[in-house]
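Okay, so here's the structure we're looking at.
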Amino acid sequence: MAGHSKWANIQHRKGRQDEKRGKVWTRVIREIMVAARGGGADLNANPRLRLAVDKAKAANMPADTIKRNIDKATGNLEGVHYEEIRYEGYGVGGVALMVDTMTDNKVRTVAEVRHALSKHGGNLGSDGSVSYQFKHCGQFVFAPGANEDRLMEVALEAGADDVINSDDGAMEVLCFPTVFEQIKSALEAADLQPVLAEITYRPEITVALSVADAEKMQKILDVLDELDDVQEVYHNAEL
Numbered sequence: 005m006a007g008h009s010k011w012a013n014i015q016h017r018k019g020r021q022d023e024k025r026g027k028v029w030t031r032v033i034r035e036i037m038v039a040a041r042g043g044g045a046d047l048n049a050n051p052r053l054r055l056a057v058d059k060a061k062a063a064n065m066p067a068d069t070i071k072r073n074i075d076k077a078t079g080n081l082e083g084v085h086y087e088e089i090r091y092e093g094y095g096v097g098g099v100a101l102m103v104d105t106m107t108d109n110k111v112r113t114v115a116e117v118r119h120a121l122s123k124h125g126g127n128l129g130s131d132g133s134v135s136y137q138f139k140h141c142g143q144f145v146f147a148p149g150a151n152e153d154r155l156m157e158v159a160l161e162a163g164a165d166d167v168i169n170s171d172d173g174a175m176e177v178l179c180f181p182t183v184f185e186q187i188k189s190a191l192e193a194a195d196l197q198p199v200l201a202e203i204t205y206r207p208e209i210t211v212a213l214s215v216a217d218a219e220k221m222q223k224i225l226d227v228l229d230e231l232d233d234v235q236e237v238y239h240n241a242e243l
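Going by my numbering, the residue at position 148 of the sequence shown is 152; the numbering climbs one at a time, nothing skipped.
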């Protein structure tokens, strides 16, 4: 299946993430604690925790730090209780936004998210106002030049839902979240290395912005990203 140009968007996103690498540990620790509290400490029986631990290892988090936070979440050590809350709204030019947070004070968090949006040209919406524009899925992104035939063969055989060849040569493998781990293992076994592998909310339709609006939209994303309680921000802007 063909798709629009995506590689520039992915590079841009990864570059912004790399600039803010110092926040990664904080977010991963919260994800570990929420995943462990909800599904237990056994990585084999808790796919969400296994994915969070993989993120922690990729960020060079020490094993004892990972274990300590799992223990806090499962009651073996005293820890903070985090609540997951999603906020939906709009950015510049009608861009759809979903903001996933983990917080120990939801009154503070909603005030901060609302302020970040309203101050920079966006607004908070109601539950369900934009979520229908996103697909919950596993996503593997490959740089231009990947072996298309081999990638399609391995991915589809492992249970992928779709393989998208973008106009710029980048390729995406999409799957249901439930088969993310088995596809990840199959790709690794075939020595096919994605530049991005995650369970995400992928926009069904993207919004093209002018240069000026793209700069304003990036400001909203940066301000949201700076909030301590924000874990992920999903949007459908082409930046």
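A virtual CB, placed ideally from N, CA and C, is assigned to each residue, including glycine.
Predicted model only: the values in this text are computed from it and were never measured.
Rounded separation between residue i and residue j - CA only
{"i": "residue 220", "j": "residue 188", "result": "36 Å"}
{"i": "residue 1", "j": "residue 102", "result": "The first residue shown for the chain is 5 and the last is 243, placing residue 1 beyond what the model contains."}
{"i": "residue 191", "j": "residue 129", "result": "39 Å"}
{"i": "residue 224", "j": "residue 120", "result": "7 Å"}
{"i": "residue 168", "j": "residue 222", "result": "26 Å"}
{"i": "residue 36", "j": "residue 90", "result": "18 Å"}
{"i": "residue 242", "j": "residue 108", "result": "33 Å"}
{"i": "residue 183", "j": "residue 214", "result": "37 Å"}
{"i": "residue 231", "j": "residue 96", "result": "19 Å"}
{"i": "residue 61", "j": "residue 177", "result": "23 Å"}
{"i": "residue 29", "j": "residue 71", "result": "14 Å"}
DSSP-derived helix/strand/coil call for residue i
{"i": "residue 86", "result": "coil"}
{"i": "residue 166", "result": "strand"}
{"i": "residue 178", "result": "strand"}
{"i": "residue 53", "result": "helix"}
{"i": "residue 228", "result": "helix"}
{"i": "residue 200", "result": "strand"}
{"i": "residue 134", "result": "coil"}
{"i": "residue 58", "result": "helix"}
For residue i: DSSP bridge partner residues
{"i": "residue 139", "result": "206"}
{"i": "residue 93", "result": "101, 128"}
{"i": "residue 234", "result": "105"}
{"i": "residue 239", "result": "101"}
{"i": "residue 47", "result": "Answer by DSSP bridge pairing: none, since residue 47 is not bridged."}
{"i": "residue 211", "result": "241"}
{"i": "residue 145", "result": "176, 200"}
Residue from the options whose Cα sits closest to the Cα of residue i
{"i": "residue 105", "options": "242, 236, 241", "result": "236"}
{"i": "residue 186", "options": "206, 160, 209", "result": "160"}
{"i": "residue 228", "options": "94, 145, 208", "result": "94"}
Boundaries (first-last residue) of the alpha helix (DSSP H) holding residue i
{"i": "residue 73", "result": "67–77"}
{"i": "residue 117", "result": "110–123"}
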